[in-house]
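Chemist: The numbering used here puts the first residue of the sequence shown at 2, with every later residue one more than the last. Every residue, glycine too, gets a C-beta built ideally from N, C-alpha and C. Bear in mind that the values here come from a model prediction, so they are computed numbers and not experimental data.
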Amino acid sequence: MPAPIFAFDNSYARDLPGLYVDWQAAQAPAPLLLRLNHGLAAELGLDPAALEAQGAEIFSGNAVPEGAQPLAQAYAGHQFGGFSPQLGDGRALLLGEVTTPGGRRDIQLKGSGRTPFSRGGDGKAALGPVLREYLIGEAMHALGIPTSRALAA
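In structure tokens form, the structure reads like this:
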């Protein structure tokens, strides 16, 4: 049996009960892995060959990697000029965290389909915004600006 791709810790689920709901991504027909971020994979200690082989299914949400606990996070905050006691990830799922020499890193699916916290525009991600987030995240990282980064598109 091959080793798991990710060595997940699930501290969010373990330490913050009540601030999430367990959830599964909506299935995607015939997903494609357009681009794997090999540099980020190396920083995270992940095997690029395994990600190339299984990435389309994992990053589309069609397959849940071993050790993952997919969840939609719940939170409160101000939106549209007023306090909202229940907001949350409308189309994102936290799979878990990996620990690296640089600290903990969340592995999250964005555009994974509607969650219980969804409102009108939530759902699967379109290709244009996915590519834009990938490119801009890497550009900001290259400029030394702290940012989220995409492992794949």
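Report the CB separation of residue 26 from residue 71 in whole angstroms; it is logged as a contact under 8 Å.
Modeler: The residue you call residue 26 lines up with position 25 of the sequence shown. The residue you call residue 71 lines up with position 70 of the sequence shown. Between residue 71 and residue 26 the Cβ distance is about 7 Å, and since that is below 8 Å, they are a contact.
Chemist: Distance, Cα to Cα, residue 53 vs residue 31?
Modeler: The residue you call residue 53 lines up with position 52 of the sequence shown. The residue you call residue 31 lines up with position 30 of the sequence shown. The alpha-carbon atoms of residue 53 and residue 31 are separated by roughly 15 Å.
Chemist: Does the structure place the region 64-78 close enough to the region 107-121 that three or more beta carbon pairs sit under 8 Å?
Modeler: Verdict: yes, contact present.
Chemist: For residue 130, is the classification buried or exposed, using 16 other Cβ atoms within 10 angstroms of its Cβ as the cut-off for buried?
Modeler: In the sequence shown, the residue the question calls residue 130 occupies position 129. Label assigned to residue 130: exposed.
Chemist: Which ranges does the beta strand (DSSP E) cover as unbroken runs of at least 3 residues, wholly within the region 68-105, from first to last along the chain?
Modeler: Listed in chain order, the complete beta strand (DSSP E) runs (minimum 3 residues) inside the region 68-105 are 72-80, 83-89, 93-101.
Chemist: Under the rule that 16 or more other beta-carbon atoms within 10 Å means buried, what is residue 113, buried or exposed?
Modeler: For the purposes of this step, residue 113 is taken as the residue at position 112 of the sequence shown. Residue 113 is buried by the Cβ-count criterion.
Chemist: Decide if residue 81 is buried, meaning its Cβ has at least 16 other Cβ atoms within 10 Å, or exposed.
Modeler: Here the question's residue 81 lines up with position 80 in the sequence shown. Counting Cβ neighbours within 10 Å, residue 81 comes out exposed, since fewer than 16 surround it.
Chemist: So what does residue 146 bridge to, in DSSP terms?
Modeler: Within the sequence shown, numbered from 1, the residue matching residue 146 stands at position 145. Paired residues: none, contrary to the question.
Chemist: Quick check on DSSP: helix, strand or coil for residue 43?
Modeler: Here residue 43 is taken as the residue at index 42 of the sequence shown, counted from 1. Note: residue 43 maps to helix in three-state DSSP.
Chemist: At the level of alpha carbons, what is the spacing between residue 88 and residue 79?
Modeler: Sequence index remark: in the sequence shown, residue 88 carries index 87 (1-based). Sequence index remark: in the sequence shown, residue 79 carries index 78 (1-based). Near 9 Å, if we compare the C-alpha coordinates of residue 79 and residue 88.
Chemist: Would you say residue 13 reaches chain D, if we count a Cβ-Cβ gap shorter than 7 Å as a contact?
Modeler: Of the chains in the structure shown, none is chain D; there is only one protein chain.
Chemist: How is residue 128 classed by DSSP in three states: helix, strand or coil?
Modeler: If you number the sequence shown from 1, residue 128 lands on position 127. Looking at residue 128 - three-state DSSP - the assignment turns out to be helix.
Chemist: Considering only residues of the same chain and omitting the five flanking positions on each side of residue 19, which have a CB-CB separation below 7 Å?
Modeler: Working through the sequence shown from its first residue, we reach residue 19 at position 18. So no residue of the chain qualifies.
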